[in-house]
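>
2 protein chains.
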Amino acid sequence: MHKLSELQTLINDYLAAHLAVDVDQPQLQAAMAYSLLAGGKRLRPALTLGVAELLGQELTPAVVKAACAVELLHTYSLIHDDLPAMDNDELRRGVPTNHKKFGAGMATLAGDGLLTLAFTWLTENELPLTTQVQLVKSLARAAGPAGMVAGQAKDIEGEKEELTLGQLQTVHAQKTGALLAYAVVAGGMIAQATPQVIGDLFAFGKAYGLAFQIQDDLLDVTATSAEVGKEVHRDAAAHKNTYPGLLGLAGAQASLAQALTTARQARDALGAQLAVQPQILDEFLAYFER
Amino acid sequence: MHKLSELQTLINDYLAAHLAVDVDQPQLQAAMAYSLLAGGKRLRPALTLGVAELLGQELTPAVVKAACAVELLHTYSLIHDDLPAMDNDELRRGVPTNHKKFGAGMATLAGDGLLTLAFTWLTENELPLTTQVQLVKSLARAAGPAGMVAGQAKDIEGEKEELTLGQLQTVHAQKTGALLAYAVVAGGMIAQATPQVIGDLFAFGKAYGLAFQIQDDLLDVTATSAEVGKEVHRDAAAHKNTYPGLLGLAGAQASLAQALTTARQARDALGAQLAVQPQILDEFLAYFER
């Protein structure tokens, strides 16, 4: 059983070795690699691999390839989100954003390329056809115009109005939660888990995703730019709807604690069904305790 | 057997009825619908349906849905291609481009949404799993960073240098040809055609795609803006590499004729294998004789 840090190494090695073969133009390849290989915690593919292994799945090259697709997709979303026409951010993971380095045209294409390549990696592997189709369906739903892209649209439209807590939860669930929940459930799909296990994985992923977004909102208020590697205090300046903005700092922290409690309950429900304890999930939860 | 005009009606009706259910945010939905339902010849999904029917496939709702995925993808490529950071076009199909109407941020998201939704439509249908996976693999390859996105990257990078004819052919094959060839081959995949038929379909699609791009280059030189519904004489102004730019008007016209001859040979090879004559392909070739 791999630890989180070992999964991260596995993912970083895979991404570094395999991106170049699927990209044809030098500048495009440089722009895609720049953001994909800029570090990052690799939480999403690590969730997929950690869950798959927890459920008894061997981490073959095919499994690693399929798991890494979500990192391609996540990276595209960051590149497009940072564009001048979107959040207009200049710093990401401590370095200039993709469009600051390659221009907005090439950054748009780098995002388009990563998004499309994600579906190649989900299907050009040796997994069973049923698993491949389940993954494509789930990722496209999570990332598409009723998922992540809808969340992004609500986010930029929401800047014009004040959302209720319920509306904000929906935006967050689509913008961040859907892809994290996908990552968790994908591990179950790859391991061909029972519907009951998939249900518990989804509950964990959903709560984990909510906690993640509240944490992200909180860090924008409380952290320094050096700590998080991107510009901070941007949300308030952009009139973004956030948990601290809506509930205050203490209220947002209470919401984070609540989401983590829900995630732990789902972890326990899962543990009750398995022969081994889901310690890898504790490692993911520990991300919130640094 | 449907005529091209009947296929176009079938496609338009399907798109108008089914886009809304898969999109969650009103402005995003409006932006996606604006470009998707702005008309257009629907050549790509019509090629898929025409070929599938030619090979004996009934045009069930599942087949129409899968065929229309390529139109979602094609529309995304137009929206992103028109963006200020890319070609900065103001007119498309006779109306303002997506970003002129909705802003560059929402236009970027509309494109992202259409691209992702294409993969939903390829897999959320009743086709056999093997067909779904073949379609996802082929579309992602044709549209991805070794296909259409690579062609776009070479196109904007190529503005800085003069390409040879061979390089220009590669750019065109990736930028336009790959998706048209996909559309033709997809019809064969849906109809579960033999490898030999798929081979002839690919040869037809490749030559057809080349002819299409040469025609597009020629129209930018010879047509008026009213005739083509978009700005013309843009290529020379942007120092784009084009067939007329490289070979002159007569040379480009000769290349177009050559590509059409190759396409007709592939049509004949296909006809020799089938019980019925591929008249629908003649309708697609007639597009070049207006």
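Residue numbers (my numbering), protein chains in the order written: chain A, 1 to 290; chain B, 1001 to 1290.
Here a beta-carbon is modelled for each residue, glycine too, at the ideal position from N, C-alpha and C.
Could you pull out every residue in the same chain whose Cβ sits closer than 7 Å to the Cβ of alanine 104/A, ignoring the five residues on either side in sequence?
Cβ neighbours of alanine 104/A beyond the five flanking positions: Leu83, Pro84.
> Work out the CA separation of glycine 1151/B and threonine 1170/B for me, nearest whole Å.
So the alpha carbons of these two residues sit roughly 8 Å apart.
> Name the DSSP bridge partner or partners of valine 136/A?
Valine 136/A pairs with nothing; no bridge assigned.
> Please tell me whether leucine 23/A has its Cβ less than 8 Å away from any Cβ of chain B.
Here the sequence assigns valine to residue 23/A, which means leucine is not the residue at that position. Cβ-Cβ to chain B under 8 Å: yes for valine 23/A.
> Measure the Cβ-Cβ separation of aspartate 1081/B and valine 149/A and say whether it is below 8 Å.
Their beta carbons are not under 8 Å apart, which means aspartate 1081/B does not touch valine 149/A by this criterion.
> Quick check: does the Cβ of glutamate 283/A come within less than 7 Å of any heavy atom belonging to the ligand HEM?
For the structure depicted, the ligand HEM is absent and the ligand set is empty, with no information on it obtainable.
> Rank Gly251/A, Leu281/A, Gln132/A by C-alpha distance to the C-alpha of alanine 186/A and give the top, closest one.
The shortest C-alpha separation from alanine 186/A is found at Gln132/A.
> Taking DSSP as the reference, what is the three-state secondary structure of valine 294/A?
It is not possible to answer for residue 294/A, since the shown part of chain A is limited to 1 through 290.
> Extract the residue ranges of the alpha helix (DSSP H) inside the segment 1180-1260 of chain B, only unbroken runs of 4 or more that lie entirely within it.
Listed in chain order, they are 1195-1222, 1225-1228, 1234-1237.
> By the three-class DSSP mapping on this structure, what secondary structure does proline 1096/B have?
Proline 1096/B: strand per DSSP, three-state reduction.
> Is aspartate 1112/B close to chain A, meaning its C-beta is less than 8 Å from at least one C-beta of that chain?
Yes - at least one Cβ of chain A is within 8 Å of the one on aspartate 1112/B.
> For leucine 1078/B, which residues of its own chain have a beta-carbon under 7 Å away from its beta-carbon, when the five flanking residues on both sides are left out?
Closer than 7 Å at the Cβ level, and outside the excluded window around leucine 1078/B, lie Ser1035, Arg1092.
> Name the chain B residues whose beta carbon is nearer than 7 Å to that of histidine 80/A?
The contacting residues are Thr1108, Asp1112.
> With 8 Å set as the bound, which would you pick, yes or no: does the beta-carbon of leucine 1004/B sit closer than that to a beta-carbon of chain A?
False, the Cβ-Cβ gap to chain A never drops below 8 Å.
> Buried or exposed: lysine 1160/B, going by 16 or more other Cβ atoms within 10 Å of its Cβ?
Exposed is the call here.
> If I follow the unbroken alpha helix (DSSP H) through proline 45/A, where does it start and stop?
Start and end: 43-54.
> Determine which residues of the segment 153-169 of chain A have a Cβ less than 8 Å from any Cβ of chain B, and write them out in chain order.
Result list: Ala153, Lys154, Ile156, Glu157.
> What does valine 133/A reach in chain B if we use C-beta pairs closer than 9 Å?
Within chain B, the residues near valine 133/A are Thr1123, Leu1129, Gln1132, Val1133, Val1136.
> Contact between the segment 124-139 of chain A and the segment 24-31 of chain A is defined here as three or more beta-carbon pairs at a separation below 8 Å; is this criterion met?
With a cut-off of 8 Å, the segment 24-31 of chain A and the segment 124-139 of chain A do not count as touching, because too few Cβ pairs lie within range.
> Taking Cβ positions, are glutamine 268/A and leucine 117/A nearer each other than 8 Å?
Reading the sequence as shown, one finds aspartate at residue 268/A and not glutamine. No. Outside cutoff.
> Cβ of valine 1184/B within 8 Å of Cβ of glycine 1199/B?
Not in contact: valine 1184/B and glycine 1199/B (Cβ atoms no closer than 8 Å).
> Alanine 252/A and aspartate 217/A look like a contact to me (Cβ under 8 Å); what is the Cβ gap, rounded to whole Å?
Confirmed, Cβ separation roughly 6 Å.
> Can you confirm whether threonine 116/A, when its beta carbon is compared against all beta carbons of chain B, has any partner nearer than 8 Å?
Yes, threonine 116/A lies at the interface with chain B (some Cβ there is under 8 Å from its Cβ).
> Quick check: the Cα distance between leucine 260/A and glycine 188/A, rounded to an integer number of angstroms?
About 21 Å.
> Counting only Cβ-Cβ distances shorter than 7 Å, please list the residues of the segment 1082-1099 of chain B near chain A, keeping chain order.
So the close ones are Leu1083, Ala1085, Met1086.
> Would you check if the distance between the CB atom of glycine 177/A and the CB atom of glutamine 213/A is smaller than 8 Å?
In contact: glycine 177/A and glutamine 213/A (Cβ atoms closer than 8 Å).
> For the candidate residues Gly1094/B, Leu1179/B, Phe1102/B, whose alpha-carbon lies nearest to that of serine 1225/B?
Looking at the Cα atoms, Gly1094/B is the closest of the given residues.
> Report yes if the C-beta distance between glutamine 279/A and isoleucine 190/A is below 8 Å; otherwise report no.
Going by C-beta atoms, glutamine 279/A is not nearer than 8 Å to isoleucine 190/A.
> Three-state secondary structure (DSSP) at leucine 1293/B?
Coverage of chain B is limited to positions 1001 through 1290, which leaves residue 1293/B absent and any answer about it impossible.
> Looking only at its chain, what residues have a beta carbon closer than 7 Å to the beta carbon of arginine 1044/B, apart from the 5 residues adjacent to it on each side?
Excluding sequence neighbours, arginine 1044/B sits near Val1070, Glu1071, His1074, Leu1179, Leu1180, Ala1183.
> Can you grab the Cα-Cα spacing for the pair lysine 3/A / leucine 1256/B, in whole Å?
Answer to the nearest angstrom: the Cα atoms are 59 Å apart.
> Do you know how far the Cα of isoleucine 1156/B is from the Cα of asparagine 88/A?
One C-alpha to the other measures close to 22 Å.
> With 8 Å as the threshold, decide whether the Cβ of glycine 251/A is near any Cβ in chain B.
Answer no: the Cβ-Cβ gap between glycine 251/A and chain B never drops below 8 Å.
> Under 8 Å between beta-carbons, which chain A residues line up against glutamine 1027/B? List them in chain order, please.
Ala153, Glu157, listed in chain order.
> Closest to alanine 1020/B by C-alpha separation, out of Glu1227/B, Met1032/B, Leu1010/B, would be which residue?
Among Glu1227/B, Met1032/B, Leu1010/B, the Cα nearest to that of alanine 1020/B belongs to Met1032/B.
> For leucine 1004/B, does the three-state DSSP call read helix, strand or coil?
Residue state, collapsed to three classes: helix.
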